[in-house]
Amino acid sequence: MADHARSEEIANYKPRTRVRLRLKEADNAADNVLSVMTMVVHPMTPGIERDAEDNPVIKDGKVSILEHKTHHLVGWECKVNGEVVLAADLSGSVSKDPIINFAVKGVEAGDTFALSWTDNQGFSDTEEQVVKGRKKK
Amino acid sequence: MSKLFSRRRIVQGLMAAAALVAMPLSAFARNSEAFGLGDFAKARSTMFGGQDITDGSDGITLELPDIAESPAKTNVKVTVDESKLGALKSITFMAEANPTPISAKFYFSARVEPELETFIKLAGTTMVHAIVETDKGLYSASKEVKATLGGCGG
Chain A
284 MADHARSEEI
294 ANYKPRTRVR
304 LRLKEADNAA
314 DNVLSVMTMV
324 VHPMTPGIER
334 DAEDNPVIKD
344 GKVSILEHKT
354 HHLVGWECKV
364 NGEVVLAADL
374 SGSVSKDPII
384 NFAVKGVEAG
394 DTFALSWTDN
404 QGFSDTEEQV
414 VKGRKKK
Chain B
22 MSKLFSRRRI
32 VQGLMAAAAL
42 VAMPLSAFAR
52 NSEAFGLGDF
62 AKARSTMFGG
72 QDITDGSDGI
82 TLELPDIAES
92 PAKTNVKVTV
102 DESKLGALKS
112 ITFMAEANPT
122 PISAKFYFSA
132 RVEPELETFI
142 KLAGTTMVHA
152 IVETDKGLYS
162 ASKEVKATLG
172 GCGG
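So the sequence lines, in the order shown, correspond to chains A and B.
Under the working numbering, the residues of the first sequence are numbered 284 to 420, in order.
Under the working numbering, the residues of the second sequence are numbered 22 to 175, in order.
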C-alpha cells in the first residue's frame, strides 16, 4: 500500500495553520484566560475504500483504508512556552479544515503559544505567536 | 514512467524527513489500532481497555444540533464539571455510524479549561458520544443527531 504514489491532490497540498488568541487579563496573572481559536487548512480525506453500493469495505474487522488516497491530520498539539497544554489524536472523521477552540489558564502577555501538527502523508506545520496583552482600562 | 518514479522517490524522501521532524509530537501515545476499527463497541473497548464507563450526563454538557444541517461539519461542544467528575484528562469523540467511529481524542493538561469546541463528520443519523476520562474514571454523555446526507465522503 505504502508503495502507491500519492495522488496529485496530496502532492500539491500546502500546509496552512491559523491561530487567533485573545487574552483576558485578571488582577492576578494566574487567573488570566487565553482563549484560543485554531484552524488547519486540510482536506481531512479519510480514504475509505468503498464497494459498488458505496458501503465501506471491511477487512478482518477493520475498515479498509486506501493509504495513497487518505490524507488527514494524525497528531495535533498546542504548547505554551514549550509546555504541552492540549494535544489530540485525530482521524479522518474530523471535519475538513479542522477547527479546535479552547482556553488556557494562567497565560501572560509575552508568553509564546505554538500549534504543531502532523498528518498521515508526512506533512507538518507549526504556527507560533507571542501572546499580546490588552491595554488596561 | 521514469519521471513518475523519480518524483515518487523525492516524495518518499520528503516524507521520511518530515517524520523525523515530527518526532516530538509523539509525547502522547496514540492508540492507532482503536482508530482503525470499524465496529463501535470494539473501537470503544480497544480504546479504553474494557474499563467501566459510567453515565456522566450530570457532569458533562454535550452540545450538538438535533438535526445536522451539514453532517460533514457538525459543531460539537463539550464542557466538563470537574467538581462532579474529577480532574479532566481526556475527551474522546465517537460517532457510532461512522465507518471509523473514533473521531478524535483530546488530552488535557491542568492548565486548559475543561471545555472544547470542534467540528466532526457524521455518516448519517447516529449516536454521538463524548467519553470523558478524569482522575476518577471514565464517564460518557451521548446524543442522537439526525442527518439525512452522509458526511463521510471520500
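Note that CB positions come from ideal geometry on N, CA and C, so glycine has one too.
Residue i and residue j: beta carbons closer than 8 Å?
i	j	result
F385 of chain A	V414 of chain A	no
M422 of chain A	I382 of chain A	Residue 422 of chain A lies beyond the stretch modelled for chain A, which goes from 284 to 420, so this question has no answer here.
V357 of chain A	N295 of chain A	no
L190 of chain B	A151 of chain B	Because chain B in this structure spans residues 22 to 175, residue 190 of chain B falls outside the shown range and cannot be described.
V153 of chain B	I112 of chain B	yes
V97 of chain B	I141 of chain B	yes
L143 of chain B	T95 of chain B	yes
A64 of chain B	I123 of chain B	yes
V319 of chain A	V302 of chain A	yes
D79 of chain B	K110 of chain B	no
Look at the alpha carbon of residue i and the alpha carbon of residue j, and state the distance between them as a whole number of angstroms.
i	j	result
K362 of chain A	V368 of chain A	5 Å
S161 of chain B	E291 of chain A	41 Å
T155 of chain B	T139 of chain B	20 Å
P86 of chain B	D73 of chain B	28 Å
R102 of chain B	S91 of chain B	Looking at the sequence itself, residue 102 of chain B is Asp, so the reference to Arg does not match. Distance between the alpha carbons of D102 of chain B and S91 of chain B: 29 Å.
S53 of chain B	D310 of chain A	44 Å
M68 of chain B	L373 of chain A	13 Å
V307 of chain A	A392 of chain A	With the sequence shown as reference, residue 307 of chain A is identified as Lys, and Val is not the correct amino acid for it. Rounded to whole angstroms, K307 of chain A to A392 of chain A spans 10 Å at the Cα level.
L349 of chain A	E332 of chain A	6 Å
T121 of chain B	R417 of chain A	43 Å
W359 of chain A	T75 of chain B	28 Å
V340 of chain A	H355 of chain A	19 Å
I293 of chain A	F406 of chain A	10 Å
M44 of chain B	T353 of chain A	Since pLDDT at M44 of chain B reaches only 41, below the 50 mark, its modelled position is unreliable, and the value read off the structure follows with that caveat. Going by the C-alpha atoms only, they are around 21 Å apart.
L304 of chain A	I81 of chain B	26 Å
N338 of chain A	G59 of chain B	12 Å
M115 of chain B	E366 of chain A	28 Å
Against residue i, what residues of chain A qualify as contacts under a CB-to-CB distance less than 8 Å, listed in chain order?
i	result
S178 of chain B	No statement about residue 178 of chain B is possible, as the shown extent of chain B runs from 22 to 175 and does not include it.
K164 of chain B	Neighbours of K164 of chain B on chain A: none; closest Cβ ~16 Å, over 8 Å.
K94 of chain B	S378 and K379
G57 of chain B	K345, V346 and I348
With a cut-off of 8 Å on the beta carbons, I'd call residue i and residue j a contact; round off their distance for me.
i	j	result
A125 of chain B	A371 of chain A	5 Å
V346 of chain A	G145 of chain B	That belief does not hold up - the Cβ atoms of V346 of chain A and G145 of chain B are roughly 16 Å apart, past 8 Å.
A108 of chain B	A93 of chain B	With a Cβ gap of about 34 Å, A108 of chain B and A93 of chain B do not count as contacting.
P329 of chain A	S376 of chain A	6 Å
V300 of chain A	D394 of chain A	It is worth fixing the name first, because residue 300 of chain A is Thr in this sequence and not Val. Not quite, the Cβ-Cβ distance comes to about 18 Å (not below 8 Å), so this is no contact.
Report the neighbours of residue i on chain B: residues whose CB is nearer than 8 Å to its CB, in chain order.
i	result
F385 of chain A	V133, E134, E136, L137 and E138
L306 of chain A	Near L306 of chain A there are no residues of chain B at all, since even the closest Cβ is about 14 Å away, more than 8 Å.
Kindly list, in the order they appear in chain B, the residues whose Cβ is closer than 9 Å to that of residue i.
i	result
G389 of chain A	R132
V324 of chain A	Simply none; closest approach about 14 Å.
Residue i versus chain B: which residues are under 7 Å apart at the beta carbon?
i	result
S376 of chain A	A116, N119, T121, S124, I141, K142 and C173
Name the chain A residues whose beta carbon is nearer than 7 Å to that of residue i?
i	result
D60 of chain B	G344
F129 of chain B	L369
**Prompt:** Counting Cβ pairs closer than 8 Å, one from the stretch 302 to 321 of chain A and one from the stretch 387 to 396 of chain A, do we hit at least three?
**Reply:** yes
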